[in-house]
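Each protein sequence line maps, in turn, to chains R and D. In terms of the numbering used here, the first sequence opens at residue 1 and continues consecutively. In terms of the numbering used here, the second sequence opens at residue 413 and continues consecutively. All C-beta atoms, glycine included, are put in the ideal place defined by N, C-alpha and C. Below is one structure, written out as structure tokens, with a few remarks after it.
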Amino acid sequence: MKTIVRAGTLLSALLIAAPAFAQDLTFWSWRQEDRAAYEQFIDTFEAANPGITVKFETFEATNYNTILSTALAGGTGPDVMMVRAYGGLENVAVAGYLEELTTESVPALANFAEPALAAESVRADGKIYAVPFASQTQLVIYNSKIFADNGIEEPQTWDDLMAASQKLKDAGIIPFANGTATAWQNETVTFGLGSSLMGKAFYDELMAGTADFTDARFTSALASVNELAQDYFPDGFIGLDYPSAQQLFSSGMAAMFVGGSYELATFKTQNRDIEMGVFAAPGKTAEDAKLVGLYFDGGYAVNAASPNKEAAITFVNYLASPEFGQAFANTLNNISTIPGVTFDNPLLAEVNDLNKSSIPYLMLAHFRYGEPSGSVLIQGEMQKLFSGETTPEAIGEALTTGLAAWYEPFKK
Amino acid sequence: MPQFRMTGRGLWITALIVPPLCFVALFIVYPIISAFAYAFFDWQGLKRLDFVGLENFHTVLFVEPYRSWTLNAFKNNIIVFFALMVLQNGLGFILAYALWRELPGARFHRIAVFLPVVLSTIIVAYLFKLFYHPLFGLVNISLKSIGLSEWAQPWLGQSGTALWSIIAAQAWHMVGFPTLVFLAGMQRIPSEILDAVRMETESEWVKITKIVWPLVAPSATIVFTLLFVGAFNWFELPYIMGGLDGSPFGSTDVLGLYFYRTAFGNVSSGQQDFGLGSALAVLIFIFIAAIAAVITTRLRAREIQL
Numbered sequence: 001m002k003t004i005v006r007a008g009t010l011l012s013a014l015l016i017a018a019p020a021f022a023q024d025l026t027f028w029s030w031r032q033e034d035r036a037a038y039e040q041f042i043d044t045f046e047a048a049n050p051g052i053t054v055k056f057e058t059f060e061a062t063n064y065n066t067i068l069s070t071a072l073a074g075g076t077g078p079d080v081m082m083v084r085a086y087g088g089l090e091n092v093a094v095a096g097y098l099e100e101l102t103t104e105s106v107p108a109l110a111n112f113a114e115p116a117l118a119a120e121s122v123r124a125d126g127k128i129y130a131v132p133f134a135s136q137t138q139l140v141i142y143n144s145k146i147f148a149d150n151g152i153e154e155p156q157t158w159d160d161l162m163a164a165s166q167k168l169k170d171a172g173i174i175p176f177a178n179g180t181a182t183a184w185q186n187e188t189v190t191f192g193l194g195s196s197l198m199g200k201a202f203y204d205e206l207m208a209g210t211a212d213f214t215d216a217r218f219t220s221a222l223a224s225v226n227e228l229a230q231d232y233f234p235d236g237f238i239g240l241d242y243p244s245a246q247q248l249f250s251s252g253m254a255a256m257f258v259g260g261s262y263e264l265a266t267f268k269t270q271n272r273d274i275e276m277g278v279f280a281a282p283g284k285t286a287e288d289a290k291l292v293g294l295y296f297d298g299g300y301a302v303n304a305a306s307p308n309k310e311a312a313i314t315f316v317n318y319l320a321s322p323e324f325g326q327a328f329a330n331t332l333n334n335i336s337t338i339p340g341v342t343f344d345n346p347l348l349a350e351v352n353d354l355n356k357s358s359i360p361y362l363m364l365a366h367f368r369y370g371e372p373s374g375s376v377l378i379q380g381e382m383q384k385l386f387s388g389e390t391t392p393e394a395i396g397e398a399l400t401t402g403l404a405a406w407y408e409p410f411k412k
Numbered sequence: 413m414p415q416f417r418m419t420g421r422g423l424w425i426t427a428l429i430v431p432p433l434c435f436v437a438l439f440i441v442y443p444i445i446s447a448f449a450y451a452f453f454d455w456q457g458l459k460r461l462d463f464v465g466l467e468n469f470h471t472v473l474f475v476e477p478y479r480s481w482t483l484n485a486f487k488n489n490i491i492v493f494f495a496l497m498v499l500q501n502g503l504g505f506i507l508a509y510a511l512w513r514e515l516p517g518a519r520f521h522r523i524a525v526f527l528p529v530v531l532s533t534i535i536v537a538y539l540f541k542l543f544y545h546p547l548f549g550l551v552n553i554s555l556k557s558i559g560l561s562e563w564a565q566p567w568l569g570q571s572g573t574a575l576w577s578i579i580a581a582q583a584w585h586m587v588g589f590p591t592l593v594f595l596a597g598m599q600r601i602p603s604e605i606l607d608a609v610r611m612e613t614e615s616e617w618v619k620i621t622k623i624v625w626p627l628v629a630p631s632a633t634i635v636f637t638l639l640f641v642g643a644f645n646w647f648e649l650p651y652i653m654g655g656l657d658g659s660p661f662g663s664t665d666v667l668g669l670y671f672y673r674t675a676f677g678n679v680s681s682g683q684q685d686f687g688l689g690s691a692l693a694v695l696i697f698i699f700i701a702a703i704a705a706v707i708t709t710r711l712r713a714r715e716i717q718l
């Protein structure tokens, strides 16, 4: 009996003392599909930093925010975690759960692009709370074989795009696979096609507070998007949901898909033989800057209440390093936000080039901080436009007055 | 004064009752009470801030944009309730009557009518989503093949047809349930009464309205009340077929979806608001409880004891 008690005491003493010898970090993520890759990244980190071990834990993506906020509120959160960007970040950061990151604690942050850091900052204090990990781009993906077979080049003007679509339609191919029955697809379609038509000047003025959504550049872009959708989206596209639209493209029944760069991997999984290209939807003239809609997915943050904060910061420094960024891009086929990363995959390299001429994916980046969110508004309004129940001008009015509920520059 | 002593039997009963009572208290009573409590606080994400009294209730009922969202969802629930009352309970009654009269093939049809009820809601939802597919869906292809191309619609994409399409799927899914309940009620009608009617008239209509309908009143009470509760708690089918936003533009939005969106947020809005969500849940609960109580007592009053 005595031996058991002694052994027990020894064991518990060891368990209590263990953190003093090795620092155990927990790292939470919603990327269940990336587990193998992250285990590998963590092995690299642990080899270079003896004494720190990292335990990677994943949760289901749609419930991740709820699980994370509950855990943080209950004081049982992880040391390091993936957090969302923009409004999703503010939900956890404003409550004070996250450690502020500075160029002192994470020197590599100094090299990051301004919009990437803005995505992981709280607007009120401008402080950074996470190392951004990936960007996504809204653009047009096309089936390069169909384009070549029909003698179509990447369009330089909006009229080119319409002409190419007509040519495909005449050849019996659905020009665009997109459907808008799934609400969020409306936003993707609007800004994936319309960013160049709206133009950088509109974006800048909108941000400066000198323009609002009733601006003709915005409403005329919506009109053009609608015109294209009515003629060149599949029959009954307003009743076509997102998975069906993806299938239309990956099966080769449709030539183009307006969507995010994240679709590239999906299409490749659905049809291994598909060959794809990407382009930014053009503006009215060839001289208009071709803009893609750019946004950031999320970042790596440190729990402000972590008992192993020092080790956690060390780990986050690794997650901000170029070596990690390169490994991330190569293994996960994602556009890393870390400067200087190069891409093996030619499509990703092209997306990365297109990103150099971009405006932020508007509603996500700036209008998801209150209710009603700009995303909810534009999605519903575009569905109305597509079914002929509103006009672009009325949408501009609805967005501006709707957002005025919480967006200061629109309050009159 | 009577003395309460723990005799063997009393102890035994207590031991059997306490665990389930604790279970109910912990997993049913406590969550309901805490939802009530949550509704009176201001929330930031999942962090509770100040006590705000009835502010959350005021917001969901009277402040835009919540006001119009609430009204829209509530209006849709009412449509769903009345539509299902006709399509599900009305049709259920007719089917039950046909089965009860043992028309040819009744045995087969009794199973066929009830079979969809056994299917999981998810399966039914995906099945009907495929039926309504604008390009390859059974509905549109059938219409086109019989020369009614102009009737082919993007069913789930239009504000005029989306909600009705989902209601049709729900009615197909659940019509077997009221049928079964009504059928059981009809089979309980004593044959002497039916023989007596036969002496008076051969009219089926008289038989239904004067004998069968009054005598299946207890079954009607059950299916009406359950339908009412079900229609105002409706979630799965619209969630899978229309999405969390009640696509297109709120035309399939119902209180269940709206509550979920408000409390837990969705892809398109970063906001989670437990206070507003709980306020909605409390309002839905009070509404359902109050009306269901009225329905039950009213319908009970017209039941006849044989």
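Tell me whether the segment 584-597 of chain D and the segment 622-641 of chain D touch, counting them as touching only if at least three CB pairs, one residue from each stretch, are closer than 8 Å. The segment 584-597 of chain D and the segment 622-641 of chain D touch, with no fewer than 3 CB-CB distances between them shorter than 8 Å.
Mapping DSSP to helix, strand and coil, what is P19 of chain R? For P19 of chain R, the predicted model reports a pLDDT of 44, less than 50, meaning its position is unreliable and no value from the coordinates is stated.
Between I182 of chain R and chain D, is any beta-carbon pair separated by less than 9 Å? For the sequence presented, residue 182 of chain R should be read as Thr rather than Ile. It does: the Cβ of T182 of chain R has a partner Cβ on chain D nearer than 9 Å.
What do you get for S414 of chain R, buried or exposed, if any count of 16 or more other CB atoms within 10 angstroms of its CB means buried? A query on residue 414 of chain R cannot be resolved here, the shown segment of chain R reaching from 1 to 412 and no further.
Hey, is F27 of chain R's beta-carbon within less than 9 Å of any beta-carbon in chain D? no
Does any CB atom of chain D fall closer than 9 Å to the CB of F324 of chain R? no
So, at 6 Å on beta carbons, what are the nonlocal neighbours of A254 of chain R in its own chain, with the 5 sequence-adjacent residues on each side left out? Within the same chain, Cβ atoms closer than 6 Å to the Cβ of A254 of chain R are found at I174, A177 and L248, the five residues on either side in sequence being excluded.
I want to see whether chain R comes within less than 9 Å of V472 of chain D, judged by CB atoms only; does it? no
Who does G299 of chain R pair with in a DSSP beta bridge? Its beta-bridge partners are R:V83 and R:P132.
Quick test of your reading: F59 of chain R and I67 of chain R, contact by CB under 8 Å. State the CB separation rounded to the nearest angstrom. 5 Å
Indicate whether at least one CB of chain D lies closer than 9 Å to the CB of S434 of chain R. Only positions 1 to 412 of chain R appear in the structure, and residue 434 of chain R is not among them; the question remains open.
Is the shortest distance between the beta-carbon of S557 of chain D and the beta-carbons of chain R less than 9 Å? no
Using the DSSP secondary-structure output, state which residues sit across from E57 of chain R in a beta bridge. R:W28
Can you tell me whether DSSP reads I634 of chain D as helix, strand or coil? helix
Look up S358 of chain R in the DSSP assignment and give the residues it is bridged to. R:V292
Taking the alpha helix (DSSP H) that V624 of chain D falls in, what are its first and last residues? First-last for V624 of chain D: undefined, no H or E at that position.
Candidates R:Q230, R:N143 and R:M81: closest to K268 of chain R by CA position: The option with the nearest alpha carbon to K268 of chain R is R:N143.
Can we say the segment 395-405 of chain R touches the segment 364-375 of chain R, given the rule of at least three CB pairs closer than 8 Å? yes
Cβ of Q448 of chain R within 9 Å of Cβ of S659 of chain D? Given that chain R is displayed from residue 1 to residue 412, the structure contains no residue 448 of chain R and the question cannot be resolved.
Beta carbon proximity, S165 of chain R to chain D, threshold 9 Å: Against chain D, the CB of S165 of chain R has no partner CB under 9 Å away; the residue lies outside that interface.
So is S244 of chain R in contact with chain D if we call contact Cβ pairs under 9 Å? Residue-level contact by beta carbon holds for S244 of chain R and chain D, with a gap shorter than 9 Å.
Which word fits R31 of chain R, buried or exposed, when buried means at least 16 other C-beta atoms lie within 10 angstroms of its C-beta? It counts as buried.
For F343 of chain R, does the three-state DSSP call read helix, strand or coil? coil
Which residues does DSSP list as the beta-bridge partners of T137 of chain R? R:L294
Quick one: grab the DSSP three-state call for G259 of chain R. strand
For G88 of chain R, does the count of other Cβ atoms within 10 angstroms reach 16, so buried, or fall short, so exposed? buried
C-alpha gap between A130 of chain R and T471 of chain D, whole angstroms: A130 of chain R and T471 of chain D have their C-alpha atoms spaced approximately 33 Å apart.
Mapping the DSSP letters down to three states, classify L711 of chain D as helix, strand or coil. helix
Over what stretch of residues does the alpha helix (DSSP H) that includes G194 of chain R continue unbroken? A183 to A208
Quick one: which residues of the segment 295-324 of chain R get their C-beta closer than 9 Å to a C-beta of chain D? List them in chain order. none
Can you give the Cα-Cα distance for A36 of chain R and E46 of chain R, rounded to whole angstroms? 15 Å
Would I16 of chain R be called buried (16 or more neighbouring beta carbons within 10 Å of its own) or exposed? The predicted position of I16 of chain R is uncertain, since its pLDDT is 49 and thus under 50; a value taken from the coordinates is nonetheless stated next. Flag for I16 of chain R reads exposed.
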